[in-house]
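Down below is the structure, laid out as structure tokens.
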Amino acid sequence: NLFQRSPMALVGRCLRRCLLLRPPQTAGFSAAAAPAAAPAAPGPPASAADSPLNWQPAKNVTMEQSLRIDDYFQVNRLVSKRQLMEHRVHLGHKAGCRSEWMTPSLFGCRCGVDIIDLEQTAPLLRRALNFTAHVAARGGIVLFLWQGWPALSPLVERRAAEMGEFAYTRPWVDQAVTDAATYFDTATRLPDLAVFLSCMSPVMLPHPAIAACAKVMIPTVGICDSNSDPRLVTYPVPGNDDSPQAIQLYMALFAEAIRRGKAAFAQWSAEAPQGSSAGDKEACSAADPRDAFRRVQSQALRPPEQPVDSAGADAAGSASQQRQSRQRSEPRQQPLRPSARRPQSPDSHRKPRAPPPPPRDELD
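Those letters in the sequence shown? Residues 5 to 368, by my numbering.
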């Protein structure tokens with residue numbers, strides 16, 4: 005057969021042979037860098053304590069000493085490249101929507117779709133989780149923001165409520181952070197950390213809350229897709245912000261980081277020093293870290309008590325009683341009508357002008 009002896013047939017056979025002899029690659033890892041799998045040694049199975057989810061805070065480690073440990077909460081074990089690829093974190097947007105600020109974080113382009121480099125996503129995500137755990141360990145408030153697919157809003161709100169934190173999945177109000185005292189009309193504590201599950205608004209513009217948090221010096225963690233602008237984000241994480249699998253993975257990772265931070269906070273509260281003041285002990289022993297702020301807020305809003313002597317108090321009491329009796333005896337005045345309360349114009353005292361003369365007859 006002439007076709008079997010043609011150069012194209014030879015090339016096809018060579019390619020098939022190379023593909024058959026090629027070693028299988030693990031998703032998310034390089035086959036050349038992966039070591040050969042050694043046979044498992046006989047023995048008891050791995051204990052549950054070796055699982056990355058079974059973490060307990062170390063004893064006799066203070067809050068200041070935890071900052072000197074690189075991975076005190078051991079969040080590095082929570083993130084793996086295979087896990088990120090299975091949850092479609094590496095998928096970006098179309099190449100035409102690419103942002104120039106996200107070009108260094110891209111691995112390439114496949115079929116017109118940008119591919120995010122997971123080699124950069126994994127360490128940045130670990131750093132963001134570590135910072136989130138430290139914020140939760142110090143009684144900070146974490147706010148999750150999402151303005152993407154509305155079907156994922158209940159998921160974000162439910163997971164945030166399970167963590168004991170807050171979520172905002174509705175259109176952003178400009179004065180909610182920059183002018184919170186005027187907008188809420190009361191003393192309001194701003195969040196200590198804002199986590200943006202998507203740095204873009206529904207109209208494909210940067211999320212307005214990112215600039216608002218930057219103005220009031222609130223640190224931010226943002227999932228930046230290939231069309232995002234990461235310049236104002238404190239801890240940018242390149243990744244997919246549209247896939248439901250990716251959003252579920254992000255919420256699960258942040259939930260575990262916050263749980264570990266609150267576990268460390270509970271242990272530090274139990275190991276409070278004996279020589280600390282009563283206010284510090286009460287703030288540390290609170291079940292909820294926000295109870296101390298609520299107590300301080302109620303004391304700040306309470307009007308100060310002015311010392312009054314007994315003679316002045318008696319005189320003030322008698323004067324108030326006389327005033328009340330006078331108000332009961334006097335008849336209540338009827339309110340003026342709207343026409344009577346209408347202010348007069350400054351020209352009301354002038355004489356009215358004479359009417360204009362009738363028009364002259366054209367026949368005359």
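Ideal placement from N, C-alpha and C gives every residue a C-beta, glycine not left out.
Worksheet item: Is A282 helix, strand or coil by DSSP?
Response: Here residue 282 refers to the residue found at position 278 when the sequence shown is read from its first residue. A caution first: A282 carries a pLDDT of 46, below 50, which makes its placement in the model unreliable, though a value can still be read off. For A282, the three-state secondary structure derived from DSSP is helix.
Worksheet entry | Alpha-carbon to alpha-carbon, T190 and D118 | Taking the first residue of the sequence shown as 1, we reach residue 118 at position 114. Taking the first residue of the sequence shown as 1, we reach residue 190 at position 186. The straight-line gap separating the alpha-carbon atoms of D118 and T190 is approximately 46 Å.
Fill in: Nearest-angstrom Cα separation, counted from W272 out to M89
As a first step, residue 89 is located in the sequence shown; it is residue number 85 there, counting from the start. As a first step, residue 272 is located in the sequence shown; it is residue number 268 there, counting from the start. Using only the alpha carbons, I get a separation of about 37 Å.
Worksheet item: Can we say the segment 95–102 touches the segment 214–227, given the rule of at least three CB pairs closer than 8 Å?
Response: No contact exists between the segment 95–102 and the segment 214–227.
Practice prompt. Please work out which residues of its chain come closer than 6 Å, Cβ to Cβ, to P363, disregarding the five sequence neighbours upstream and downstream, and give them in chain order.
Written response: Residue mapping note: residue 363 aligns to position 359 of the sequence shown, counting from 1. Nothing listed; no residue qualifies.
Fill in: Nonlocal neighbours in the same chain, by C-beta distance under 6 Å from Y76, ignoring five residues either side
Along the sequence shown, one-based indexing puts residue 76 at 72. Excluding sequence neighbours, Y76 sits near S70.
Worksheet item: Where do the ends of the alpha helix (DSSP H) carrying Y172 lie?
Response: Within the sequence shown, residue 172 is the residue found at index 168, counting from 1. Here Y172 belongs to no alpha helix (DSSP H); instead the beta strand (DSSP E) covers F170 to Y172.
Item to complete: Give the DSSP-derived three-state secondary structure of H94 in the structure shown.
Response: Translated into the one-based positions of the sequence shown, residue 94 becomes position 90. Coil at H94, not helix or strand.
Worksheet item: Can you name the start and end residues of the alpha helix (DSSP H) that L129 belongs to?
Response: Within the sequence shown, numbered from 1, the residue matching residue 129 stands at position 125. Looking at the DSSP string, the run of the alpha helix (DSSP H) that includes L129 is L122 to A141.
Worksheet item: Does DSSP put R163 in a helix, in a strand, or in coil?
Response: Position 159 of the sequence shown, counted from the first residue, corresponds to residue 163. R163: helix per DSSP, three-state reduction.
Practice prompt. Would you kindly work out how many angstroms separate the C-alpha atoms of C217 and M167, rounded to a whole number?
Written response: In the sequence shown, the residue the question calls residue 217 occupies position 213. In the sequence shown, the residue the question calls residue 167 occupies position 163. For C217 and M167, the distance between alpha carbons rounds to 22 Å.
Worksheet item: When the Cβ atoms of the segment 165–179 are set against those of the segment 133–149, are three or more pairs found closer than 8 Å?
Response: The segment 165–179 is in contact with the segment 133–149.
Worksheet item: The alpha helix (DSSP H) with F148 in it runs from where to where?
Response: To locate residue 148, count along the sequence shown from 1; it is residue 144. Element bounds for F148: not the alpha helix (DSSP H) but the beta strand (DSSP E), V146 to L149.
Discussion item. Quick check on Q249: buried or exposed, where buried means 16 or more other Cβ atoms within 10 Å of its Cβ?
Written reply: Numbered from its first residue, the sequence shown carries residue 249 at position 245. Flag for Q249 reads exposed.
Discussion item. Measuring straight from C-alpha to C-alpha, what distance separates L197 and R114?
Written reply: Residue 197 sits at position 193 when you count from the first residue of the sequence shown. Residue 114 sits at position 110 when you count from the first residue of the sequence shown. So the alpha carbons of these two residues sit roughly 35 Å apart.
Discussion item. Between which residues of its own chain and S280 is the CB-CB distance below 7 Å, once the five residues before and five after are set aside?
Written reply: Taking the sequence shown and counting its residues from 1, the one referred to as residue 280 is at position 276. Confidence at S280 is low in this model, with a pLDDT of 47, below 50, so the placement of that residue should be treated as unreliable; the coordinate-derived value is given next. If you ignore the 5 residues before and after S280, its C-beta comes within less than 7 Å of no other C-beta in its own chain.
Fill in: G152 versus P108: straight-line alpha-carbon distance, rounded
Here residue 152 corresponds to residue number 148 of the sequence shown, with the count starting at 1. Here residue 108 corresponds to residue number 104 of the sequence shown, with the count starting at 1. If you draw a straight line from the Cα of G152 to the Cα of P108, it is about 24 Å long.
Worksheet item: If you drop the 5 nearest sequence neighbours on each side, which residues of the same chain put their C-beta closer than 7 Å to that of A358?
Response: In the sequence shown, counting from the first residue as 1, residue 358 sits at position 354. Closer than 7 Å at the Cβ level, and outside the excluded window around A358, lies no residue.
Worksheet entry | alpha helix (DSSP H) segment containing A250, residue limits | Position 246 of the sequence shown, counted from the first residue, corresponds to residue 250. Counting along the chain, the unbroken alpha helix (DSSP H) around A250 starts and ends at P248 to A274.
Worksheet item: Any idea if M221 is buried or exposed, counting beta-carbon neighbours within 10 angstroms, 16 or more meaning buried?
Response: Within the sequence shown, numbered from 1, the residue matching residue 221 stands at position 217. Under this definition M221 is an exposed residue.
Discussion item. Bridge partners for V4 per DSSP, in chain order?
Written reply: No statement about residue 4 is possible, as the shown extent of the chain runs from 5 to 368 and does not include it.
Fill in: Touching by the beta-carbon criterion (3+ pairs, under 8 Å), the segment 153–162 and the segment 127–138
No, the segment 153–162 is not in contact with the segment 127–138.
Item to complete: Can you give me the Cβ contacts of S232 inside the same chain, cut-off strictly under 7 Å, excluding the 5 residues immediately before and after it?
Response: Locating residue 232 in the sequence shown gives position 228, where the first residue counts as 1. Listed in chain order, the non-local C-beta contacts of S232 below 7 Å within the same chain comprise S103, M106, C203 and M204, local neighbours out to five positions each way being set aside.
Worksheet item: R142 and M67: beta carbons closer than 9 Å?
Response: What you label residue 142 is simply residue 138 of the sequence shown in a count that begins at 1. What you label residue 67 is simply residue 63 of the sequence shown in a count that begins at 1. Going by C-beta atoms, R142 is nearer than 9 Å to M67.
Discussion item. Which same chain residues end up closer than 7 Å to A164 when comparing Cβ atoms and leaving out the 5 residues on each side of it in sequence?
Written reply: Working through the sequence shown from its first residue, we reach residue 164 at position 160. Contacts found: F148, F170 and A171.
Worksheet item: In whole angstroms, what separates the C-alpha of R235 from that of V139?
Response: Indexing the sequence shown from 1 puts residue 235 at position 231. Indexing the sequence shown from 1 puts residue 139 at position 135. The alpha-carbon of R235 is positioned some 22 Å away from that of V139.
Worksheet item: DSSP on F77, reduced to helix/strand/coil?
Response: Counted from its first residue, the sequence shown places residue 77 at position 73. F77: coil per DSSP, three-state reduction.
Worksheet item: What three-state label does DSSP hand L82 in the structure shown?
Response: As a working note, residue 82 is residue 78 in the sequence shown. Reduced to three states, the DSSP call for L82 is helix.
Worksheet item: What is the DSSP secondary structure of P154, reduced to helix, strand or coil?
Response: Walking along the sequence shown from the start, residue 154 turns up at place 150. Helix.
Discussion item. Classify P43: buried if its beta carbon has 16 or more other beta carbons within 10 angstroms, exposed otherwise.
Written reply: Reading the sequence shown from its first residue, position 39 is the one you call residue 43. Residue placement at P43 is flagged as unreliable, the pLDDT there being 37, under the threshold of 50; a coordinate-derived value is accordingly withheld.
Worksheet item: Should G112 be labelled buried (16 or more other beta-carbon atoms within 10 Å of its own) or exposed?
Response: Position 108 of the sequence shown, counted from the start, is the residue given in the question as residue 112. Taking all protein chains in view, the Cβ of G112 is surrounded by fewer than 16 other Cβ atoms within 10 Å, so the residue is classified as exposed.
Worksheet entry | Spatially closest choice to R92 from I251, E275 and R264, by CA coordinates | By 1-based counting over the sequence shown, the position of residue 92 is 88. From the listed residues I251, E275 and R264, the smallest Cα separation to R92 is found for I251.
Worksheet item: What residue does the alpha helix (DSSP H) around C113 start on, and which one ends it?
Response: For the purposes of this step, residue 113 is taken as the residue at position 109 of the sequence shown. DSSP places C113 in no alpha helix (DSSP H) but in the uninterrupted beta strand (DSSP E) bounded by L110 to R114.
Discussion item. Whole angstroms are fine: how far does the CA of R81 sit from the CA of P206?
Written reply: Position 202 of the sequence shown, counted from the first residue, corresponds to residue 206. Position 77 of the sequence shown, counted from the first residue, corresponds to residue 81. Answer to the nearest angstrom: the Cα atoms are 34 Å apart.
Worksheet entry | Buried or exposed by the 16-neighbour rule on C-beta atoms within 10 Å, applied to L156 | Reading the sequence shown from its first residue, position 152 is the one you call residue 156. Taking a 10 Å sphere around the C-beta of L156, we find 16 or more other C-beta atoms and assign the residue as buried.
Discussion item. Using a 10 Å radius around the Cβ and a threshold of 16 neighbouring Cβ atoms, would you call F258 buried or exposed?
Written reply: On the sequence shown, residue 258 is found 254 positions in, with the first residue counted as 1. Result: buried.
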